[in-house]
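Quick notes on the structure that follows.
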Amino acid sequence: MKKIFVTRRIPENGLALLRENDFAVDVSSKNRPLTKRELIKVLRKGNYDSVLSLLTDAIDAEVMDAAPSVKIFANYAIGFNNFDLAAAKARGVTLTNTPGGGAERVAEHAWGLILALTCRIVEGDVYIKKGKYKGWDPMLLHGTNLAGKTLGIIGTGRIGADVAHRARNGFMMEVAYYDIVRNEKLEKDFGAVFYQTVEEVLRVADVVSLHVPLSDATRHLMNKERLAIMKKTAYLINTSRGPVVDECALVEALRRGVIAGAGLDVFEFEPKLAKGLAKLPNVVLTPHIASATELARKEMAELAARNLISFFEGKTPPNLIV
Ligand code: GLV
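Position 14 of the sequence shown, counted from 1, bears residue number -2 in my numbering, the numbering being contiguous throughout.
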């Protein structure tokens, strides 16, 4: 019987699937992320064969060395920047993620943020609830039309492509994109126009949506200089990872009117926010919930469990990272 440690409670379907496949499942009893010290302590004691980790767990050399019996860390997340890939490779440790789980939902959430900003939904809601609405006014809370405007996508994996699909077919927008490799399917399916640099997309886009994984190459991809290239009337949407945006530079840009607004589901210093961010009227913030539906969370639980089951059956896990 293989022993697995699950670092925080996840939907029961994933745990049940593991138990049905003869795993002895221990779930952390704490309703919060474990600190690295706590995780190391549990792993040292437990003699586990595998760990089902969350994006909030830093799985680095220290953690791997504390648990040499752990042969696989299966992330319950699409992103995997919490893994030290080089350390895992050097130790022959397997890493997996859950790329299909919740991807479509993240695209829907990105659209939720776009619409909240361009229709001024949050501002309107606050306005009414504060008792300020005294009757229809032709000059009240003007938003931004989307039809015919350009959505800029940075990173056209599954989520980026789903956002582009909705832009083209739902909101009649043009799509401009940058990716490290050209995405001919996106061009064919949605008439997307490829630009060779991020800067070129920023110049033409009315809404910019970020869909890149976090790596050394994408950390602060949106910095002061790049924010300054965006149109003054444009919006920035981030549902990828917080550190892809220099959040202090963003606060400054929003304050000075360098761009019109931002919709953020992820934050550079999560769960902390850069100073001043929460006070700005032209931002809409959500607490890293882009994939938070019951269906998406269950899909993620099943994918993580299936990766573990395949691995211990001696097969290549469906969502192998290294
Ligand atoms: C959420 O951010 C995920 O990576 O699944």
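The C-beta atom is built at its ideal place from N, Cα and C for all residues, glycine as well.
Predicted, not measured: the structure shown is a model, and the values here were computed from it.
Query, Result
"With 16 other Cβ atoms within 10 Å as the buried cut-off, status of isoleucine 273", "exposed"
"In chain order, each beta strand (DSSP E) run of at least 3 residues that lies wholly inside the region 252 to 290", "267 to 269"
"beta-carbon threonine 82 near ligand 1 non-hydrogen atom, thresh 8 Å", "yes"
"Beta-carbon proximity check, alanine 285 vs tyrosine 60, cutoff 9 Å", "yes"
"Heavy atom of ligand 1 within 8 Å of histidine 272 beta-carbon", "yes"
"Three-state secondary structure assigned by DSSP to tyrosine 179", "coil"
"Within 9 Å, strictly: CB atoms of proline 83 and leucine 287", "yes"
"Buried or exposed (CB count within 10 angstroms, at least 16 for buried), methionine 48", "buried"
"Any non-hydrogen atom of ligand 1 within 8 Å of leucine 39 CB", "yes"
"Near ligand 1: glycine 241 beta-carbon under 8 Å from a heavy atom", "no"
"Sub-9 Å separation of serine 135 and glycine 245 beta-carbons", "The sequence given here has leucine at residue 135, not serine. Going by C-beta atoms, leucine 135 is not nearer than 9 Å to glycine 245."
"Close beta carbons around alanine 189, own chain, < 8 Å, minus the five adjacent residues each side", "Thr134, Leu135, Gly136, Ala160, Met214, Lys215 and Ala218"
"N-terminal and C-terminal residue of the alpha helix (DSSP H) that valine 147 is part of", "142 to 154"
"Assigned exposure category for tryptophan 120 - 16 Cβ within 10 Å defines buried", "exposed"
"Cut-off 8 Å between Cβ atoms - residues of its own chain near serine 199, not counting five sequence neighbours on either side", "Asn65"
"Whether aspartate 230 touches lysine 208 by CB criterion (9 Å)", "yes"
"Per-residue DSSP class, three states only, for tyrosine 161", "strand"
"Alanine 61 Cβ short of 8 Å to ligand 1 heavy atom set", "yes"
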